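Residue numbers (UniProt numbering): 1 to 344. C-beta: ideal position from N, C-alpha, C; glycine also. Note that this is a predicted model, so its numbers are computed, not measured. A short write-up of the structure that comes next.
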C-alpha cells in the first residue's frame, strides 16, 4: 500500500514538530515554509543552533571557547545564543528547543577582547529564526564595534530585523540571504575593518527592515533609539511582550533582562558575571534600551521618566565637558541627544 504523502501543516508538523499552536494557513504556505526552512538547514553557508548539543558539557565547551579565542566565529557566540534562548523558553513556558531548533546563523564574525574573554570588540551577527507556529521567519542583523583609544573609549552598533510572512522556496543556485539589509549610505562594516562613516542611524530602514535599536558613544555623548510613553497594560501581558522582544536580542547572542514591574531591575548586556557576552549597547549612566523596549511594548515603570531625565542631564554634562565647558543654557536638548521613537 502506497504511503500517503503529507501536505501543508501535516508536513510541517512531521518535519519540524511539535509546532507551537500553529495557525490556520493554506497548504501552499506551509509547503513553502517547509521548503524554505529545509533549504536553509541544508545550506553549507548557514549553521544551525543545536538545542541538544552546545552547552551540555560545560568543561568541554569552555575549552573550545579558549581554542577559538580571538578568532572568527568563536563558539562563545553559539553558547550565548543557546543559553539565553533556553532561558527565555523556560520563562515563556514552552518546551526546551521550541525556538532554538529554528535558529540558524547566517553570518557570525566577531572578535573578542583579548583581555576579557567575554567582551566583543567588533563583528557582525546575522541570524534567522523560523516561527514554531506560523509559516514565517525573522532575520535579525547586528553590527557592532567597540574599541579604546589612549584618551577615550568609543562604541557603536545597529540592530534590526526583517519579518518574512510568506517565505518562498529559493531559486536553484541562488542564495537565500539578501545582501541588502536596509542600510543607508556611508555605513560601517566592522567585519572588514572599514573606517566608520555616519549613516548607521539609517541602518535597517528600507527593504522591509526595521531598526530595533542603535547607539553610539564617541566621547562627546551618547545617541540612540529610545522609546515613548504608552498606556498602562496588564503586567502578565507586558511581560510576554518583553520576553518576545528579548528573544530577538537573544538570537544574536545578547542577554538583556528587562524589568516589567517596579520591584524588578534591569540587567544590561554589559553587566559582568551575568551574560556570556558583554555587549555595550548603552552607556553606564542608564539603561535607556530597556526603557525604550518597555515603551515600545506599551508601558512604563514609575521610575522610567525620572531615569530618562537624569540620563538627559548626564548627556548634556558630558557634551559640555567635551566642548570645553561651553554649555549654552538656551541650547535645546536635541543638540545633545538625538533620539527618536518607533513602536515596533
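(message) Suppose the cutoff is 6 Å on Cβ atoms and the five residues either side in sequence are ignored; what does the same chain contact list for residue 245 look like?
(response) 293
(request) May I ask you to check if the CB of residue 244 is nearer than 7 Å to at least one heavy atom of the ligand MG? (result) For the structure depicted, the ligand MG is absent and the ligand set is empty, with no information on it obtainable.
(request) Report yes if the C-beta distance between residue 168 and residue 32 is below 8 Å; otherwise report no. (result) yes
(request) For the segment 101-109 and the segment 121-131, state whether three or more C-beta atom pairs, one from each stretch, are separated by less than 8 Å. (result) yes
(request) Report all residues from its chain with a CB closer than 7 Å to the CB of residue 132; omit the five preceding and five following residues, and keep chain order. (result) So the qualifying residues of the chain are 19, 20, 98, 99, 102.
(request) Can you say whether residue 44 is buried or exposed, counting buried as having 16 or more other CB atoms within 10 angstroms of its CB? (result) exposed
(message) Suppose the cutoff is 7 Å on Cβ atoms and the five residues either side in sequence are ignored; what does the same chain contact list for residue 302 look like?
(response) 262
(message) Output needed for residue 30: all residues of its chain with C-beta closer than 7 Å, excluding positions within five of it in sequence on either side, in chain order.
(response) 8, 9, 11, 12, 135
(request) Flag this pair as yes or no: are the beta carbons of residue 281 and residue 157 separated by less than 8 Å? (result) Cβ distance < 8 Å, so residue 281 and residue 157 count as in contact.
(request) Using the Cα positions of residue 14 and residue 113, report the straight-line distance between them to the nearest angstrom. (result) 43 Å
(request) Within its chain, find whatever has a CB closer than 7 Å to the CB of residue 34; leave out the 5 residues flanking it on each side and keep chain order. (result) 11, 12, 15
(message) With distance defined between alpha-carbon atoms, name the residue in 309, 257, 251 nearest to residue 80.
(response) Ranked by Cα distance from residue 80, the options 309, 257, 251 are led by 251.
(message) Between the alpha carbons of residue 48 and residue 205, how many angstroms are there, rounded?
(response) 27 Å
(request) Please go through the same chain and pick out, in chain order, the residues whose beta-carbon is closer than 6 Å to the beta-carbon of residue 104, but skip the five residues on each side of it. (result) Within the same chain, residue 104 has close Cβ partners 40, 46, 48, 128.
(message) What would DSSP say about residue 47, mapped onto helix, strand or coil?
(response) Looking at residue 47 - three-state DSSP - the assignment turns out to be strand.
(request) Select from 96, 28, 36 the residue whose C-alpha is nearest the C-alpha of residue 50. (result) Looking at 96, 28, 36, the one whose alpha-carbon comes closest to that of residue 50 is 96.
(message) Quick check: the Cα distance between residue 212 and residue 160, rounded to an integer number of angstroms?
(response) Those two C-alpha atoms are separated by around 5 Å.
(request) Taking only the alpha-carbon atoms, compute the straight-line gap between residue 17 and residue 166 and give it to the nearest angstrom. (result) Residue 17 and residue 166: Cα-Cα distance of roughly 19 Å.
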